[in-house]
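Asker: Each step along the sequence shown adds one to the number in the numbering used here, with nothing skipped, and position 61 is 61.
All C-beta atoms, glycine included, are put in the ideal place defined by N, C-alpha and C.
I have a structure I would like to understand better, so I am pasting it below and will then ask my questions one at a time.
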Amino acid sequence: MKIAIAQLNPTIGDITGNAQQILEVANTAASQDVRLLLTPELSLCGYPPRDLLLNPKFRESMTTQVEELAQQLPLSLAVLVGTVTRNTKAELAGGKPLYNSIALLEGGKVRQIFHKRLLPTYDV
1 MKIAIAQLNP TIGDITGNAQ QILEVANTAA SQDVRLLLTP ELSLCGYPPR DLLLNPKFRE
61 SMTTQVEELA QQLPLSLAVL VGTVTRNTKA ELAGGKPLYN SIALLEGGKV RQIFHKRLLP
121 TYDV
């Protein structure tokens, strides 16, 4: 099994552009018989997203883009994409409302989402 690491330079806040970068690297990886591609932490929104995470439309855009990207990727390739997801349970209890996540995209679908425990907020 060939595994590759995508060396990307995502732009903070450019979800569509970053998704396009991921798609281009994924197509290249698939043409080289790679089966699993790993993208950087928060590769979909750029790192660090800081106060952009306070905007619900920005967060919704990430969710939508992850689903769209899953459908656009080569079917022969699984891709781990760094993103942010809601922590609904903690949000209701007054805790941290977001997860620093990685989504496993495979076969045109979001197969699974894994969460990092701490999301840096820096100066926000």
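1. Could I get the ranges of all uninterrupted alpha helix (DSSP H) runs contained in the stretch 38-113, with 4 residues as the minimum, in chain order?
2. Helix, strand or coil: how does DSSP classify ILE15 here?
3. List the whole-angstrom C-beta distance separating ILE15 from LEU44, where the pair is believed to meet the contact cut-off of C-beta under 8 Å.
4. State the start and end residues of the unbroken beta strand (DSSP E) segment that holds GLN6.
5. Can you check which of these residues, LEU105, PRO56 and GLN32, is closest to ILE82 by C-alpha distance?
Answerer: Here's the rundown:
1. 56-72 and 88-92
2. Taking the first residue of the sequence shown as position 1, residue 15 is located at position 15. DSSP places ILE15 in helix when its eight states are reduced to three.
3. Mapped onto the sequence shown, residue 15 falls at position 15. Mapped onto the sequence shown, residue 44 falls at position 44. Contact between ILE15 and LEU44 holds: their C-beta atoms lie close to 6 Å from each other, under 8 Å.
4. Here residue 6 corresponds to residue number 6 of the sequence shown, with the count starting at 1. Just to set this straight, residue 6 is Ala in the shown sequence, not Gln. Run containing ALA6: none; DSSP gives neither H nor E here.
5. Position 82 of the sequence shown, counted from the start, is the residue given in the question as residue 82. Checking the sequence, you will find Gly at residue 82 rather than Ile. Of the listed residues, the one whose Cα sits closest to GLY82 is LEU105.
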